[in-house]
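2 protein chains.
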Amino acid sequence: MTDTFEPKFDAGGLLTAVVVDARDNAVRMVGHMDREALDRTRETGLAHFHSRSRGKLWLKGETSGNMLDVVEILVDCDQDALVLRCIPRGPTCHTGADSCFFRRLEDDALVALED
Amino acid sequence: MTDTFEPKFDAGGLLTAVVVDARDNAVRMVGHMDREALDRTRETGLAHFHSRSRGKLWLKGETSGNMLDVVEILVDCDQDALVLRCIPRGPTCHTGADSCFFRRLEDDALVALED
Chain A
927 MTDTFEPKFD
937 AGGLLTAVVV
947 DARDNAVRMV
957 GHMDREALDR
967 TRETGLAHFH
977 SRSRGKLWLK
987 GETSGNMLDV
997 VEILVDCDQD
1007 ALVLRCIPRG
1017 PTCHTGADSC
1027 FFRRLEDDAL
1037 VALED
Chain B
927 MTDTFEPKFD
937 AGGLLTAVVV
947 DARDNAVRMV
957 GHMDREALDR
967 TRETGLAHFH
977 SRSRGKLWLK
987 GETSGNMLDV
997 VEILVDCDQD
1007 ALVLRCIPRG
1017 PTCHTGADSC
1027 FFRRLEDDAL
1037 VALED
């Protein structure tokens, strides 16, 4: 079955985008995309987001060089969330960790994951 | 380094929660959690969300029985997104697919993934 891509942006004009490392499926980050970020991502093959804090288009890795090359985009059943399967050029988190999800919850503490 | 868990709910009072299958790391669904859904998830070990369409607490699998047993919760750098590592009791998508992300984007078409 083939359906047409008709992304359902939320009231703020955004989709949720989950970045996973195409090599091991690990979740690297969660971002948000407006139409512009989605279009730029598809045109360039590099993951772009809409920065909610800065209110503008954001090429991930523009400053650090740690861009995300998009291999494949998966779309969920109701078309309001995407999974971007990417090959990361370096660490994804601004802390220098490979993934923004580098801690697990234990009671009310955040404990660093062991590699 | 240990930090304190201080979830940063957005303007709508929500966190983004990415459900991954703890067995193979596959992303199963993306949901949203308010404080109530987060607390209930942690109390019960079963993934709960806040349904944006129905505006209320939602125990995933309440109707279908396909609940998600939460093995571990990962927290991102800025504490506004979670990864729930789960053992699913059955398919996660309401369509009957294991994952809500059962299609990939190809030009402007959605093409079913091959298993």
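From first to last, the protein sequence lines are chains A and B.
Each residue of the first sequence is one higher than the one before, counting from 927 in my numbering.
Each residue of the second sequence is one higher than the one before, counting from 927 in my numbering.
From the three backbone atoms N, C-alpha and C, an ideal C-beta is built for every residue, glycine too.
Computed from a predicted model, the values in this text were never measured in an experiment.
- Around B:Thr930, the beta-carbon contacts reaching into chain A at under 9 Å are Asp1034, Ala1035 and Leu1036.
- When rounded, the separation of the alpha-carbon atoms in A:Gly1016 and A:Ala943 is 19 Å.
- Identification of residues in the region 938-961 of chain B having a C-beta nearer than 8 Å to some C-beta of chain A yields Thr942, Val944, Val946, Asp950, Asn951, Ala952, Val953, Met955 and Val956, given in sequence order.
- In this structure B:Ala937 is exposed. Its beta-carbon is surrounded by fewer than 16 other beta-carbon atoms within 10 angstroms.
- Close partners of A:Cys1012 in chain B (Cβ separation under 9 Å) are lacking, with about 13 Å as the shortest Cβ gap.
- Residue pairing from DSSP places A:Lys982 in a beta bridge opposite A:Ser977.
- By the Cβ test, the region 946-959 of chain B is in contact with the region 1016-1027 of chain B, since at least three Cβ pairs between them sit closer than 8 Å.
- Bounds of the beta strand (DSSP E) holding B:Ala1035 are Ala1035 to Ala1038.
- By the CB criterion at 7 Å, B:Asp960 and B:Leu940 fall inside the cutoff.
- Counting along the chain, the unbroken alpha helix (DSSP H) around A:Thr967 starts and ends at Arg961 to Thr970.
- Within chain A, the residues Val944, Leu1000, Val1001, Asp1002, Cys1003, Ala1007, Leu1008 and Val1009 have their CB atoms less than 9 Å from the CB of B:Phe1027, given in chain order.
- The beta carbon of B:Ala1007 sits closer than 6 Å to the beta carbons of Thr942 from its chain, once the five residues preceding and following it are set aside; these are given in chain order.
- For secondary structure counted as the beta strand (DSSP E) over 3 or more consecutive residues, the region 982-1007 of chain B holds these complete runs in sequence order: 982-985 and 994-1001.
- Under the three-state reduction of DSSP output, A:His958 falls in the strand class.
- Contact note: B:His1020 reaches chain A through Cys1003, using a C-beta cutoff of 8 Å and chain order.
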